[in-house]
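When we follow this note's numbering, the leftmost residue of the sequence shown carries the number 1, and every step to the right adds one.
Cβ atoms here follow ideal geometry from the backbone N, Cα and C, with glycine treated the same way.
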Amino acid sequence: MTEPEPFSLASRGRSFRFAGRGIAHLLSTQHNAWIHAIASVLVVCAGFALGVSRVDWALLVLAMMAVWSAEALNTAVEALGDVATSEHHQLVGLAKDVAAGAVLIAAAGAAVVAVLVFGPHLPRLVGAAR
């Protein structure tokens, strides 16, 4: 086992560049990430328009973070599975399905958070529309 390299700002900078490259790959290649991006923009716009509380913002940010994190990990699992074998392998397929399921769980949870946060504002919105 090799010794970890000592802490340096340069190595932290490289880590951030690698992470940025991963996020760019996620956004440029994954269609579901585009849906998450649109949903995130709509949630942020709705949050500002409705003047949600700090606690509500925290819940919304955590929900969005969960979905984005799950989508990124799903993409990583898919890439690793594709490297492991170009043929169909039952366990690779299972890993991909479970990772996709994690995204679905996170998205469903985020939808529940959105209903809980934005739901109380609906009567005001309906009244303003009349």
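The straight-line gap separating the alpha-carbon atoms of Thr29 and Ile38 is approximately 15 Å. Put simply, the backbone Cα of Gly20 is about 32 Å away from that of Gln90. Judged by DSSP secondary structure, Phe16 falls within the alpha helix (DSSP H) whose first and last residues are 9-29. A residue is called buried when at least 16 other Cβ atoms come within 10 angstroms of its Cβ; Leu26 meets this threshold and is buried. Trp57 and Ser86 have their C-alpha atoms spaced approximately 43 Å apart.
About 4 Å separates the beta carbon of Ala66 from that of Ala106, a gap short enough to meet the 8 Å contact definition.
In the structure shown, His88 falls within a coil segment according to DSSP collapsed to helix, strand and coil.
About 6 Å separates the CB atoms of Ala114 and Val43; that is less than 8 Å, so the two are in contact.
DSSP places Met65 within a helical segment (H, G or I) once states are collapsed to three.
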